[in-house]
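Asker: What follows is a single structure, and I will ask about it in a moment.
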Amino acid sequence: MKFGVRYVTIPMSTETAMKRKKHHTEKSRIIGLLVASFLRGRLLHRTLIIAISACLLLLFALFSLFAPSTLNKINLQTTQNNDQVRSRFHDSVFQVPAGGGSFRRDLWSSTHSRLFYGCSNAGVNFAKANAKTNPDRYLLISTSGGLNQQRTGIIDAVVAAYLLNATLVVPELDHTSFWKDTSNFSELFDTEWFITFLRNDVRIVKELPEMGGNFVAPYTVRVPRKCTPKCYEDRVLPVLVRKRAVRLTKFDYRLANMLDEDLQRLRCRVNYHALKFTDSIQGMGKLLVERMKIKSKHFIALHLRFEPDMLAFSGCYYGGGEKEKKELGEIRKRWKNLHASNPEKVRRHGRCPLTPEEVGLMLRALDFGSEVLLYVASGEIYGGEETIAPLKALFPNFHSKETIATKEELAPFVSFSSRMAALDFIVCAESDVFVTNNNGNMAKILAGRRRYLGHKVTIRPNAKKLNLLFMNRNNRTWEEFASRVRTFQVGFMGEPNELRPGSGEFTENPSACICQKNSAGGISYPLNHSNITEFQEQQEWSSEVDNNLNGTKIDSLPLIMTTDQLAEVQEFFSD
């Protein structure tokens, strides 16, 4: 990407100048011969004629010098036309400024955020664990996926245990999926805090005890995605009553998104209060935040996903020619039931992750200048340094955990993908502004967390509109481009009341857990409802990709896969 276009005026060549001089000389000779012929017929007035001829000769010479030839007229016309084209192009050239523009707003806080607060305390009618837990029912769960996907499973496991009046055994984490992390629950989360904080809601034990002096092997059950409370009552409770211990496998998104307010608030108590990282992870994460804050009062955290696998699966094309098509095409063959990719359609529907460069341009259009500190949490970037270079050019104060911590400091975490992801999670949660180019679990959970903890600025790209804008950006001035970005991003900035209650995933939009102060009653919020609709469309599509394991067609990819194939895809792409 060339950030500006410089025009070079090409000087006239020596050969062209000599041809023009020769042309003028020939004209002068012709005029001289005509005058001499005239003089021979007028000998009586020789002196006068000589004088007149000299004057005429001088005039003709001057005329021939300044009057262009036919060839010169053509060249002049061509030059004028080129100047007009160049002028039109120059008027619309896409030149990115180094600093922010004239969009005057507080870059680092959300409008009216002080008028809202997180509220997740149990209601007066919410039954206590000691009154409702059946001593002969134990629920075990096995999570699935990466750190954040497993987090959603843990949250829902607590609610499921509450619904079944069962004791929850500390969840088992996934050691076999794509992420291949061997960490157990106590190596990621503070187990004692988890048990103690939730003691009034659900009874939790570290391991399945003997019952009647005997070990009872748990009975394995897998519930469908988005299972409602009635679904648990019908499918799990009868087995639990008979077997006394039930293990729910692949426990991710196995509980309905929409629940009663009391149950939603229980979700919030688990997510925002009970699930606390271990002291070692928390300490290292806070150290990273402190080092960013030392460098500048404010900083942006970017969760960037641009892995080859993700791009291949999406079917998007990013202009890398045959090399890109071949490389991503080979990766795409892993999913045998994927239809032929349709890059234009996928991009038109807003389902292509923004490139690092496009993220940088969006941030610049939103008024963040080159002096801003940027913390980037990412995995492998397709194209490597060449792909990330334009973002670094836009934001040279570019950092990651690897640049602000030593190898020795990261040594306890580097061999464990979930622990490394936890460090990024902490920095992203504590950043002044959080930005993402994707709609995976980490992005959703962080967006919800930042809403709950004060509506901190959280920028989610309006991909459907921005993708089209990026494709045609060189046909506009920077000012036009930036204005459109700001318009399209209304409703995608983490503002209060940005989303309708109940829309999207609850982890992203915990509306049941956000309360409004009385002083906010007269506040109105000018929202771009067209953008809100598009935001919800993106959430619905993302939910299909993340959660649909029924082998049905996912519109726009398009995609038909078996349960196992979808599970594999979901494990990789959702976190």
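Count along the sequence shown from 1, then add 5; that gives the number in our numbering.
Beta carbons are placed, not taken as given, at the ideal position from N, Cα and C, and that holds for glycine.
Excluding five sequence neighbours on each side, which residues of the same chain lie with their C-beta closer than 6 Å to the C-beta of Ser125?
Answerer: Answer for Ser125: Arg270, Cys273, Arg274 and Cys518, listed in chain order.
Asker: Buried or exposed for Ala370, going by 16 or more other Cβ atoms inside 10 Å?
Answerer: Buried.
Asker: Measure the alpha-carbon distance for Phe190 versus Leu333 and round it to whole angstroms.
Answerer: Approximately 36 Å, taken between the alpha carbons.
Asker: State yes or no: is the beta carbon of Ala134 nearer than 8 Å to at least one beta carbon in chain E?
Answerer: You won't find chain E in this structure, because it holds only one protein chain.
Asker: Could you give the DSSP three-state label for Ser346: helix, strand or coil?
Answerer: In the structure shown, Ser346 sits in coil (DSSP, three-state: anything other than H, G, I, E or B).
Asker: Using CA atoms only, rank isn't needed, just tell me which of Arg505, Phe430 and Glu363 is closest to Leu471.
Answerer: The option with the nearest alpha carbon to Leu471 is Glu363.
Asker: Alpha carbon to alpha carbon, how far is Leu242 from Ser188? Give it in angstroms, no decimals.
Answerer: Each residue's Cα considered, the two are about 30 Å apart.
Asker: When DSSP labels each residue in this structure, what does Arg119 get in the three-state scheme?
Answerer: Of the three classes helix, strand and coil, the one that applies to Arg119 here is helix, per DSSP.
Asker: Given that a residue counts as buried once 16 or more other Cβ atoms are within 10 Å of its Cβ, and exposed if not, what is Thr83?
Answerer: Any reading at Thr83 must be qualified, since the residue scores a pLDDT of 34, below 50, and its modelled position is unreliable; the value itself is stated next. So Thr83 ends up on the exposed side.
Asker: With DSSP as the reference, label Leu203 as helix, strand or coil.
Answerer: Of the three classes helix, strand and coil, the one that applies to Leu203 here is coil, per DSSP.
Asker: In the DSSP assignment, what are the bridge partners of Ser147?
Answerer: Beta-bridge pairing links Ser147 to Glu177.
Asker: What are the boundary residues of the alpha helix (DSSP H) that includes Thr441?
Answerer: Thr441 -> not in any alpha helix (DSSP H); beta strand (DSSP E) instead, spanning Val438 to Thr441.
Asker: Going by DSSP in three states, Arg252 sits in which element: helix, strand or coil?
Answerer: Of the three classes helix, strand and coil, the one that applies to Arg252 here is strand, per DSSP.
Asker: Pull the bridge partners of Val364 from the DSSP assignment, please.
Answerer: DSSP lists no partner for Val364.
Asker: Here's the rule I'm using: 16 or more other beta-carbon atoms within 10 Å means buried, otherwise exposed. How should Phe373 be labelled?
Answerer: Phe373 should be labelled buried.
Asker: Among Glu484, Lys469 and Phe511, whose alpha-carbon lies nearest the alpha-carbon of Phe99?
Answerer: Out of Glu484, Lys469 and Phe511, Glu484 has the C-alpha closest to the C-alpha of Phe99.
Asker: CA-CA distance, Gly290 and Lys406?
Answerer: Each residue's alpha carbon lies about 9 Å from the other.
Asker: Determine the direct distance from the alpha carbon of Val294 to that of Met498, and round the result to whole angstroms.
Answerer: C-alpha separation (whole angstroms): 22 Å.
Asker: Take every Cβ of the segment 456 to 465, pair it with every Cβ of the segment 333 to 348, and state whether three or more of those distances are shorter than 8 Å.
Answerer: In short, these stretches do not touch, since the Cβ pair count stays below three.
Asker: Verify whether the separation of the beta carbon atoms of Ala166 and Val207 is less than 8 Å.
Answerer: Yes, Cβ-Cβ distance for Ala166 and Val207 is below 8 Å.
Asker: If you check the beta carbons only, do Thr233 and Ser147 fall under 8 Å apart?
Answerer: No; because the gap between Cβ atoms is not below 8 Å, this pair is not in contact.
Asker: Give me, in chain order, the residues of the same chain whose beta-carbon lies closer than 7 Å to that of Pro479; leave out the 5 immediate sequence neighbours on both sides.
Answerer: The sequence as given places Asn at residue 479; Pro does not occur at that position. Within the same chain, Asn479 has close Cβ partners Phe99.
Asker: Could you check where the alpha helix (DSSP H) with Thr392 kicks off and where it finishes?
Answerer: Per DSSP, Thr392 belongs to the alpha helix (DSSP H) from Gly389 to Leu399.
Asker: Report yes if the C-beta distance between Asp437 and Trp198 is below 8 Å; otherwise report no.
Answerer: Taking 8 Å as the Cβ cut-off, Asp437 and Trp198 do not qualify as a contacting pair.
Asker: Does the Cβ of Gly104 have 16 or more other Cβ atoms within 10 Å, making it buried, or fewer, making it exposed?
Answerer: Label assigned to Gly104: exposed.
Asker: Would you decide whether Ile299 is buried or exposed? Buried here means 16 or more other CB atoms lie within 10 Å of its CB.
Answerer: By the 10 Å Cβ count, Ile299 comes out exposed.
Asker: Have a look at the DSSP bridge pairing and note the partners of His308.
Answerer: Note: His308 sits in a beta bridge opposite Ala382 and Thr441.
Asker: Beta carbon of Asp179, beta carbon of Ser149: below 8 Å?
Answerer: Closer than 8 Å, so yes.
Asker: Are His278 and Met447 touching if we call contact CB-CB under 8 Å?
Answerer: No, they are not a contact pair.
Asker: Is His303 helix, strand or coil when you go by DSSP?
Answerer: Residue state, collapsed to three classes: coil.
Asker: With a CB to CB cut of under 6 Å and the five nearest residues on each side skipped, what residues in its chain are close to Lys137?
Answerer: These residues qualify, in order along the chain: Asn170.
Asker: Ignore the nearest five residues each way along the sequence and tell me which others in Leu504's own chain have a CB closer than 6 Å to its CB.
Answerer: Asn514.
Asker: Look up Met476 in the DSSP assignment and say whether it is helix, strand or coil.
Answerer: Helix, per DSSP.
Asker: If I'm right that Ser182 touches His460 with Cβ under 8 Å, what's the distance once you round it to whole angstroms?
Answerer: So it is not a contact: roughly 33 Å between Cβ atoms.
Asker: With a 10 Å radius around its C-beta and 16 neighbouring C-beta atoms as the bar for buried, classify Gly507 as buried or exposed.
Answerer: With fewer than 16 other Cβ atoms within 10 Å, it is exposed.
Asker: Which ranges would you report for the alpha helix (DSSP H) in the segment 189 to 242 if only whole runs of at least 4 residues count?
Answerer: Whole alpha helix (DSSP H) segments, 4+ residues: 190 to 193, 196 to 202 and 234 to 240.
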